[in-house]
Structure formats: structure tokens, C-alpha cells
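In the working numbering, the protein residues as written are 65 to 585. One structure is given here, and the rest of the page talks about it.
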Amino acid sequence: MESTERVNRLFASRSIETKRIALGLLAFAVLTVVGWRSMNRVSGDRPDIDSGMFASAALHLLEGKTLYRDVWDNKQPVVFFLNAAAMALGGRTVDSVRTLERVLTIAGCLLVFFIVRRIFANGWLAFATALAFPWILHLDPIFQGGNLTEEYGAIFVLGGILGAVLSRSAAGAWTLGACALSGFMFSLSVFTKEPFLFSAIPWFAYAVLGRDRSCRGALLRGGAFLAGAAPPALGTVGYVVARGAWTEWTDAMSYNLAYARHLTESVSFGPRMLRGLMAVSSKLVGQTWTGEVLLLLGVAGACARGFSRRFGHVPRVLVAAFACDLAGVLTSSVPDGHYLMQLVPSFTLLLAAGAALVGYVIGRLRHRRALAILALVALLAALDFRALGQYARDLARPSRRAPPTDVSLYVGDHSSEGDTVWAAPGSYSALYLESGRLSPSSYFFIFKHHFLDTWNSSGGEKLERLRTDLRRHPPKFILVSSLPFLEESGIMRWIRENYTPIPDEIGPANGNLWVARDPGI
Numbered sequence: 065m066e067s068t069e070r071v072n073r074l075f076a077s078r079s080i081e082t083k084r085i086a087l088g089l090l091a092f093a094v095l096t097v098v099g100w101r102s103m104n105r106v107s108g109d110r111p112d113i114d115s116g117m118f119a120s121a122a123l124h125l126l127e128g129k130t131l132y133r134d135v136w137d138n139k140q141p142v143v144f145f146l147n148a149a150a151m152a153l154g155g156r157t158v159d160s161v162r163t164l165e166r167v168l169t170i171a172g173c174l175l176v177f178f179i180v181r182r183i184f185a186n187g188w189l190a191f192a193t194a195l196a197f198p199w200i201l202h203l204d205p206i207f208q209g210g211n212l213t214e215e216y217g218a219i220f221v222l223g224g225i226l227g228a229v230l231s232r233s234a235a236g237a238w239t240l241g242a243c244a245l246s247g248f249m250f251s252l253s254v255f256t257k258e259p260f261l262f263s264a265i266p267w268f269a270y271a272v273l274g275r276d277r278s279c280r281g282a283l284l285r286g287g288a289f290l291a292g293a294a295p296p297a298l299g300t301v302g303y304v305v306a307r308g309a310w311t312e313w314t315d316a317m318s319y320n321l322a323y324a325r326h327l328t329e330s331v332s333f334g335p336r337m338l339r340g341l342m343a344v345s346s347k348l349v350g351q352t353w354t355g356e357v358l359l360l361l362g363v364a365g366a367c368a369r370g371f372s373r374r375f376g377h378v379p380r381v382l383v384a385a386f387a388c389d390l391a392g393v394l395t396s397s398v399p400d401g402h403y404l405m406q407l408v409p410s411f412t413l414l415l416a417a418g419a420a421l422v423g424y425v426i427g428r429l430r431h432r433r434a435l436a437i438l439a440l441v442a443l444l445a446a447l448d449f450r451a452l453g454q455y456a457r458d459l460a461r462p463s464r465r466a467p468p469t470d471v472s473l474y475v476g477d478h479s480s481e482g483d484t485v486w487a488a489p490g491s492y493s494a495l496y497l498e499s500g501r502l503s504p505s506s507y508f509f510i511f512k513h514h515f516l517d518t519w520n521s522s523g524g525e526k527l528e529r530l531r532t533d534l535r536r537h538p539p540k541f542i543l544v545s546s547l548p549f550l551e552e553s554g555i556m557r558w559i560r561e562n563y564t565p566i567p568d569e570i571g572p573a574n575g576n577l578w579v580a581r582d583p584g585i
């Protein structure tokens, strides 16, 4: 009899384990499909300004150019290397970059699932939060077409958070390994965009403090975190030194400081902060009623001692992380919508904390718990019915390929391999990627503010370098727009002297496409 009961318990435990595995595989499949299809909405769109810059810069890197020295931009290198890797594997089109975005979105969904599951020990909450993640990340006011530094940095931050969370539950060498993983992922985010350094601060403290709070343990965990953070930093420095681009890299990084000073000259601190907070409120937090309610509940949960203690005080860390991310966003004097993607990891996890608080309260009810849960879900669904419906329609959209513009096709068809082109404004920077032609100058696109004085060169020296590049290696085609700086700098006068505008009926470009009269000038 006793042996029979033992066998029954064994089969029951195996049955439970089988169900768990089946549910886990089902959750993985659903999150993979949702993460992949969430990009369908923008899959057929051409690259926007920044997206076109990153993809076109990556094309130049694949052709042997050196970042910062031969291809100038003020961003850290990770986004360019990611784009280059995607195009090296999938072909030199924006569709390859979209595939990269799909894969990383799936990774973000899975990371959110494991983080929430580890913190709140609730698989259903983890699954629901992971489903919400691509919706939040791809909100129109902040996603802005995608392939942006903040999009990739947000995924790396989630990896850093998972490492920090695992460091509290691991033991021995595994704890140090988790701290190293956290440091590595946060370092990747910083070398995607510098303000993500703010995102690392609370999780670094969380990982270093650990469970034992001993001084020796804190030093070991802190050392492991910093050791993990070293490879992206050393890799960046090693790359620019080996390629002879140290001066150009430091100069490009100093440009960020010069540009920030340039922008803040006309707007005082108070109005800048107010404008940033209003942007966060309208473009992210205020997009859904559910988001507003659960964010407030997440903050309330951090203040509730019993709730916070039950989950290892992680709700308080989440509030601190959101505040640090907000500080990172507000460091910019012009918080464009895509800057707000830095807030998405901490915002999403705070929503999970708010939902966990609701579950915590309902769990204390003696009767009608299921009824209370259903009523709450129905209420939130009613409040966000339109948003949920739009999300469902976005997931149902078919995937598309992004077609090149008529101008890019014309340039590609009427030029030969080895011919160069120059797309002056940033809004036309996708021309390089779509036509397969390179720029003769490191300034493969320009804005007036690119020619500010920086550590290693003056604005005048930068402008003269551009003029010299164009005169020594005249591009076959030049694509311009009504950019006042072209007139002010005298570049437009040089273009008129040496180039002929192409009529719209030959190459539809609204009179902005010019061809060299004699490419050998």
C-alpha cells in the first residue's frame, strides 16, 4: 500500500512537471510570435533620419571604412556594429536591420518574463508583462520607426537587470558570474548611448549589496560587475586605437558636450525639465489608463513596507531605477520621443510591481478572489479597449519589405561601382544604403550643428575638411534640400558651378538631385 502511494506521488509529480514544461514552451512560442510580429507595423517603412544614418554608416563599415575617422557620427559604436552585423548576415538592406530588431524584441520579451518571474514568483504575471513589453517599446510617440540607439540599449538594460536579480538568488561563484553578466550588459547599453549609465546605478548598488551585506562580499561583487563591464569599454578603445581613430573618436564624443551646451544656451533649466516631464507624461505614461494606474500602484507598493519586504525590496529598486532613467532622459535639453525608450525597462517592470500589489491585496481577501480579479481585468480592458484593439490589429498586419525610393533606384542604375554620392541632409542619409554607393567624405550627412568647436578641431576646420573631400573626390550625384547651411558655407555655390540638376521626369527628386557635369573635375 505504501509503495503504491509512493508510485502515485511520483507519477503526480511527473505530471505536474510535464505541465510546467508544456506551459513554458507554449509561453515561449507565444512571446516569440508576438515579439516577431510586433515589428510588422513598421517593416515596410523606409529608414527615418537616425535609422538611415546608422544603417548607411554600417554599409560604409562593411566596405572597409573606419568609424569616426572615415564615417563620422557622434554616437557610441554598438549601434553601428549591430547594423553592420545584421547586414553582413542578411544582406545589405534595411530588411536585415528589421530582422535584427525582431530578434532583439523577442529577447526583450523573454528577459522581461524571466525577470518578473524571478522577482514576483508569478508565471502569469511574468507572461502578461512580457506580452506588454513590445507594445510599450513600439508605442508610436517613442519608437519613431525604430533602429535607434535607445531601442537596443533598452534590451541590454534588461539583460543587466536580470544579471543583478540573479546575483541575489545565486550562490558562490554563480553570484559573481551573475554580477559580471550584469556589468557586461549595462556596459553594452552605455556604449550604445551614454545616458544609460544612469540605468546601471541602482542595479549596481542592488547587486553589490547582495544578501550578506559583508564588506568582503560587496567588494567581490563590485569587482565582478566592473570586470564584466570592461570588455565593451576595452573593445571600443582597442578598435579606435587599432584603426587610428582615437583622435576622431574623442573629438566626436566631445561634440556631444558642445552640442548640449549649444542647446541649453537658449532654454533655462526649469523649462527644460518641465518640457521633459510633459513629454514623458504624454508620450509614454499617458498612452494607456492601465499604464497610469499600475505605475502609481507600483510606486505605492514600494512605499508599502510589507509588500516591499515580501519581494526583497525590489519594488523600491524599481522606483529608484525609474527615477534614474528619468534623470538620464532629462539630461538632454531636447527630449525627443525616442529618448523615452530608455524608460521602457523600468517602466514596464514598475507596471508588473503595480499588478503584483493588486494580487497581494486580493490574496488577502477571504472570499471571491477570482471575482475580484475578473472585475479588475474587465475594468482595465474596458478603459484601454481601443489601445488593445489597435495592438491586436498591429500584430495581425502582414510583414512587408521596405522598398527603396525612386531617387535611390535612379542613382544606383545611373552610377557604377566605385562612383560616390553625397546626401547632404540627414533626412536623405538612407540613399547610401538603398543605392549601394558610398560617400567621399566622412561627413556623409550634415547639419549645421555638426560644425561646432570641439576638443580636437574647430568648426571651421571641420567645414574645410568637408570642402576638401568634395573637391578632391567629387561625387557623381549629390542629393540636397533647402538646407540654409549649404548656402551659408558656400557648398551650394560649388554644387551649382560643377553639377546639373536632374529634371523630375528623369529622376524624381523634386529638383534636389544633381549630377556632375564632369566627374573628373
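Glycine included, C-beta positions come from ideal geometry on N, C-alpha and C.
Item, Value
"At least three beta-carbon pairs within less than 8 Å, the region 469-485 to the region 526-541", "yes"
"Reference G217; option with closest CA among E356, A190, G523, F255", "F255"
"Backbone CA spacing between V349 and E356 [nearest angstrom]", "6 Å"
"Residues near L201 in its chain [Cβ-Cβ closer than 6 Å; skip 5 each side]", "V408"
"R182 versus G227, L153, L321, residue with shortest Cα-Cα distance", "G227"
"Alpha helix (DSSP H) segment containing A149, residue limits", "142-154"
"Identity of the residue in F411, C243, A122, A91 nearest L360 by Cα", "F411"
"P462 (DSSP reduced to helix, strand or coil)", "coil"
"Opening and closing residue of the alpha helix (DSSP H) in which T354 lies", "353-367"
"Residues of its chain near E312, where Cβ-Cβ distance is below 6 Å and the 5 sequence neighbours each way are ignored", "Y132, R133"
"Buried or exposed by the 16-neighbour rule on C-beta atoms within 10 Å, applied to G584", "For G584, the predicted structure reports a pLDDT of 45, less than 50, and the residue's modelled location is therefore unreliable. The matter cannot be settled from this model."
"Option in N520, L497, I113 with minimal Cα separation from S160", "L497"
"Spatially closest choice to D400 from S499, R277, V176, P205, by CA coordinates", "P205"
"Every unbroken alpha helix (DSSP H) within the region 188-236, with a cutoff of 4 residues, ordered by chain", "204-207, 213-233"
"N- and C-terminal bounds of the alpha helix (DSSP H) containing L550", "548-552"
"Supposed close pair K526, F515 - CB separation, criterion 8 Å", "5 Å"
"Integer-rounded CB distance, given that A316 should sit under 8 Å from T130", "Actually they do not touch by this definition, with Cβ atoms about 12 Å apart."
"Euclidean distance between Cα positions of G209 and G500", "22 Å"
"Which listed residue (F118, R450, Q140) has its alpha carbon closest to that of L304", "The amino acid at residue 304 is misidentified as Leu; the sequence shows Val. It is Q140 whose Cα lies nearest to the Cα of V304."
"Beta carbon of G589 nearer than 8 Å to that of S231", "Summary: the structure shown does not reach residue 589, with the chain confined to residues 65 through 585, and so no result is reported for it."
"Through-space distance from G302 to N104, alpha-carbon basis", "37 Å"
"Residue span of the beta strand (DSSP E) that contains A309, given as start and end", "Careful: A309 lies outside any beta strand (DSSP E) and carries neither H nor E."
"For W486, the residue or residues it bridges with in DSSP", "I542"
"Sufficient close CB pairs (3 or more, under 8 Å) joining the region 135-150 to the region 104-124", "yes"
"Cβ pair count under 8 Å reaching 3, the region 366-379 against the region 421-430", "yes"
"Alpha-carbon spacing of W267 relative to R307, whole angstroms", "34 Å"
"Coil, strand or helix - V349 by DSSP", "helix"
"Contacting residues, own chain, Cβ-Cβ under 8 Å from F75 (five flanking each side not counted)", "Because F75 carries a pLDDT of 49, less than 50, the predicted location of this residue cannot be relied on, and the following value inherits that uncertainty. Here the set comprises nothing."
"Distance between beta carbons of L222 and I179, contact taken as under 8 Å", "7 Å"
"Limits of the beta strand (DSSP E) - the one that A494 falls within", "Where A494 is concerned, there is no enclosing beta strand (DSSP E), given that its DSSP letter is neither H nor E."
"Bridge-paired residues (DSSP) for I510", "P489"
"CA-to-CA distance, E551 to T564, given in whole angstroms", "17 Å"
"Supposed contact pair L415 and T193 - C-beta distance, whole angstroms, cut 8 Å", "7 Å"
"Where W136 sits in the DSSP three-state scheme", "coil"
"Contact between the region 385-392 and the region 446-453 (3+ Cβ pairs under 8 Å)", "no"
"Proximity of F458 and S115 at Cβ, strictly below 8 Å", "Before going further, note that residue 458 is Asp rather than Phe in the sequence given. Going by C-beta atoms, D458 is not nearer than 8 Å to S115."
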